[in-house]
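Chemist: Got a structure for you, questions after.
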Amino acid sequence: MFPEDLKYTKNHSWVKVEGNKGKIGLTNFAQEQLSDIVTVELPAAGKAVTALNPFGTIESVKATMDLITPVSGEVTEVNEDLNVAPEKVNQDPYGEGWMITVTMSDPAELDALLSAADYKTFTETEAAG
Amino acid sequence: MNSSLHPQTWRFIDTTVAGGYENMAIDEAIFLSCQQGAAPPTLRLYGWHPPSVSLGYFQKMETAVDAEECRRRGIDVVRRMTGGRAVLHHHELTYAVIAPENAHPFSPTVLETYMTIGSCLLNFFKQLGLNAQWVALRDKYRGAAVSKHESASCFSAPSWYEITVGGKKICGSAQKRGNGVFLQHGSILIDNDPELLAALLISKKGKDAFLREIDSSTTSLSRHLTGMIDVQDLGEKLLSSFQKTLGVTFSRGRLTAAELQLKEVLLREKYQTVDWNCRGSSMCAAVV
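The listed protein sequences derive, respectively, from chains B and V. Here the first sequence stands for residues 3 to 131, numbered as in the working numbering. Here the second sequence stands for residues 4 to 291, numbered as in the working numbering.
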């Protein structure tokens, strides 16, 4: 599951660009690694986030992981559903499991992100250890 | 980050004893240092004085621990950077492994990291003559059942791929990942005191049922080994087991000057603060 219309980071986050906004979430590969997700901690709307830095934290039954934003900007929307249904990240990581929307401050940052094919290759290498 | 790094010398930081705030600040200082590429893969062993309760990153103090009772007994309460449930750190040997996710011989998956470190621990227990075993995957701990965290204690139930002796949990671990580095720390119980644990932690089941649960599900080295248990000796055996199991060389070392400085900042600005430990809960802040 590597949707072609998304950009990816090596930290297993994805961004879907819609105009000057980026919708951000965790990849299917990462949610499979983490297994059952029990808590998602997201920033409040209005918070500034910086590319390739943490914007939140996710906890599964076996690990806690920083959530890394692919792009810089201001958080404009937060998926509050994940407060009560964190399992949506497992069930639908590219759909109902989205996390935040950011108004991008530097769209040129997108150029440094991975394409679906590059991210797929990266995960295959990762899995091979 | 595309394949296992070449084998390299790991750093071993020998057993030191500190309070909860300092221990958590040291672990995070090494984690951040490793993220910056300024620290080698590290195994750190440590103990706790004063005894401390550590809370999982997402736990709320007011629903997990009796903060007033802890303060009355001189027990620190600190929130961890790792998830999971509350742990009373008293008579135990604690380990922390901090390394790049693909450091030799690790494979950068959560589960395999657990399994690799778990193999080191299994071999350690076997070296002590204990019949330690992996806990089989138990579906009842999956999904929603886990999120409810019915019991606040990490040791009240064996979780996925944990290690037990005689069917009872003897060590518990938690893992944090970020920027290509993992930190896994865990407690090996030397002795346990279910009554103290039940007095300090909050359980929806009520203290008596909680006490029975802990007692029936937890064990410690002192229940299986005869004679005095020498913590330094345990530490050497654990180091030896990591060395043999991982197939890496360890060099005895200490925190770098930069890590010590970082630890002080983390202590002052994070682990000793009400904001961090209470996560902004005024009810909690009033008793801490």
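Ideal placement from N, C-alpha and C gives every residue a C-beta, glycine not left out.
Count the other CB atoms within 10 Å of the CB of Glu-134 (chain B); is the residue buried (16 or more) or exposed (fewer)?
Modeler: Because chain B is modelled from 3 through 131, residue 134 (chain B) falls outside the range shown and cannot be assessed.
Chemist: Listed from N- to C-terminal order along the chain, which residues in the stretch 48 to 66 of chain V have their beta-carbon within a distance smaller than 9 Å of any beta-carbon of chain B?
Modeler: Within the stretch 48 to 66 of chain V, the residues whose Cβ lies closer than 9 Å to some Cβ of chain B are Gly-59, Tyr-60 and Phe-61, listed in chain order.
Chemist: On the three-pair Cβ rule with 8 Å, is the stretch 68 to 79 of chain B touching the stretch 102 to 120 of chain B?
Modeler: Short answer: they touch.
Chemist: Return the first residue and the last residue of the beta strand (DSSP E) that Gln-178 (chain V) is part of.
Modeler: Per DSSP, Gln-178 (chain V) belongs to the beta strand (DSSP E) from 174 to 181.
Chemist: Any beta-carbon of chain V closer than 9 Å to the one on Lys-12 (chain B)?
Modeler: Yes - at least one Cβ of chain V is within 9 Å of the one on Lys-12 (chain B).
Chemist: Answer yes if the stretch 216 to 226 of chain V comes into contact with the stretch 97 to 111 of chain V, meaning at least three C-beta pairs across the two stretches below 8 Å, and no otherwise.
Modeler: Result no; under three Cβ-Cβ pairs closer than 8 Å.
Chemist: Can you check the stretch 66 to 93 of chain V for any alpha helix (DSSP H) of at least 4 residues that lies completely inside it and give the ranges in chain order?
Modeler: The qualifying runs are 70 to 75.
Chemist: What does Tyr-117 (chain V) reach in chain B if we use C-beta pairs closer than 7 Å?
Modeler: What Tyr-117 (chain V) touches in chain B: Lys-64.
Chemist: Taking the beta strand (DSSP E) that Phe-57 (chain B) belongs to, which residues open and close that run?
Modeler: 56 to 62 is the span of the beta strand (DSSP E), which, as asked, contains Phe-57 (chain B).
Chemist: Over what stretch of residues does the alpha helix (DSSP H) that includes Leu-224 (chain V) continue unbroken?
Modeler: Leu-224 (chain V) -> no alpha helix (DSSP H), and no H or E assigned at all.
Chemist: When you compare only the Cα positions, how much space is there between Val-68 (chain V) and Lys-172 (chain V)?
Modeler: About 21 Å.
Chemist: Assign Ala-114 (chain B) to one of three DSSP states: helix, strand, or coil.
Modeler: Helix at Ala-114 (chain B).
Chemist: Give a yes or no on whether the minimum CB-CB distance between Pro-111 (chain V) and chain B is below 9 Å.
Modeler: So, interface residue.
Chemist: Which of the three DSSP states is assigned to Asp-30 (chain V) in this structure?
Modeler: Residue state, collapsed to three classes: helix.
Chemist: Determine whether the Cβ of Met-3 (chain B) lies closer than 9 Å to any Cβ atom of chain V.
Modeler: Output row for Met-3 (chain B): interface = no.
Chemist: How would you write the range of the beta strand (DSSP E) that Met-118 (chain V) sits in, first residue to last?
Modeler: No beta strand (DSSP E) holds Met-118 (chain V); the alpha helix (DSSP H) holding it covers 113 to 130.
Chemist: Looking at the C-beta of Ser-37 (chain B), does it have a partner C-beta in chain C at a distance below 9 Å?
Modeler: As a matter of chain content, chain C is missing from the structure shown, whose protein chains are B and V.
Chemist: Kindly indicate if chain V contains any beta-carbon less than 9 Å away from that of Thr-59 (chain B).
Modeler: At least one chain V Cβ lies under 9 Å of Thr-59 (chain B).
Chemist: I'd like to check one pair, Pro-56 (chain B) with Ile-70 (chain B): are the Cβ atoms closer than 9 Å?
Modeler: Yes, they are a contact pair.
Chemist: Once DSSP output is grouped into helix, strand and coil, what is the label at Leu-258 (chain V)?
Modeler: Coil at Leu-258 (chain V), not helix or strand.
Chemist: For the beta strand (DSSP E) containing Lys-23 (chain B), list its first residue and its last residue.
Modeler: Counting along the chain, the beta strand (DSSP E) containing Lys-23 (chain B) begins and ends at 23 to 28.
Chemist: Using three-state DSSP, classify Ile-205 (chain V) as helix, strand or coil.
Modeler: Coil, per DSSP.
Chemist: Run through the DSSP bridge pairs and tell me what Pro-103 (chain V) is partnered with.
Modeler: Answer by DSSP bridge pairing, in chain order: V:Val-184.
Chemist: Starting from Asp-68 (chain B), find everything on chain V with Cβ-Cβ shorter than 9 Å and list it in chain order.
Modeler: The answer, in chain order, is Lys-179, Arg-180, Gly-181 and Asn-182.
Chemist: Does DSSP put Phe-253 (chain V) in a helix, in a strand, or in coil?
Modeler: Of the three classes helix, strand and coil, the one that applies to Phe-253 (chain V) here is strand, per DSSP.
Chemist: Grouping DSSP H, G and I as helix and E and B as strand, with all else coil, what is Trp-16 (chain B)?
Modeler: Reduced to three states, the DSSP call for Trp-16 (chain B) is strand.
Chemist: When DSSP labels each residue in this structure, what does Val-138 (chain V) get in the three-state scheme?
Modeler: If DSSP states are grouped into helix, strand and coil, Val-138 (chain V) belongs with coil.
Chemist: Should Ile-39 (chain B) and Val-91 (chain B) be called a contact, given that it needs their Cβ atoms to be closer than 9 Å?
Modeler: A contact, by the Cβ cut-off of 9 Å.
Chemist: Could you please give me the residues that DSSP links to Ser-110 (chain V) through a beta bridge?
Modeler: None; Ser-110 (chain V) has no bridge partner.
Chemist: Find out if the Cβ-Cβ distance for the pair Asn-26 (chain V), Thr-97 (chain V) is shorter than 9 Å.
Modeler: Against a cut-off of 9 Å, the Cβ pair of Thr-97 (chain V) and Asn-26 (chain V) comes out as a contact.
Chemist: Return helix, strand or coil for Phe-4 (chain B), following the three-state DSSP convention.
Modeler: Residue state, collapsed to three classes: coil.
Chemist: For chain V, check one thing: does any of its Cβ atoms lie closer than 9 Å to the Cβ of Glu-98 (chain B)?
Modeler: Answer no: the Cβ-Cβ gap between Glu-98 (chain B) and chain V never drops below 9 Å.
Chemist: Is it right to say Lys-151 (chain V) is buried, meaning 16 or more other beta carbons lie within 10 angstroms of its own, or is it exposed?
Modeler: Since pLDDT at Lys-151 (chain V) reaches only 40, below the 50 mark, its modelled position is unreliable, and the value read off the structure follows with that caveat. Counting Cβ neighbours within 10 Å, Lys-151 (chain V) comes out exposed, since fewer than 16 surround it.
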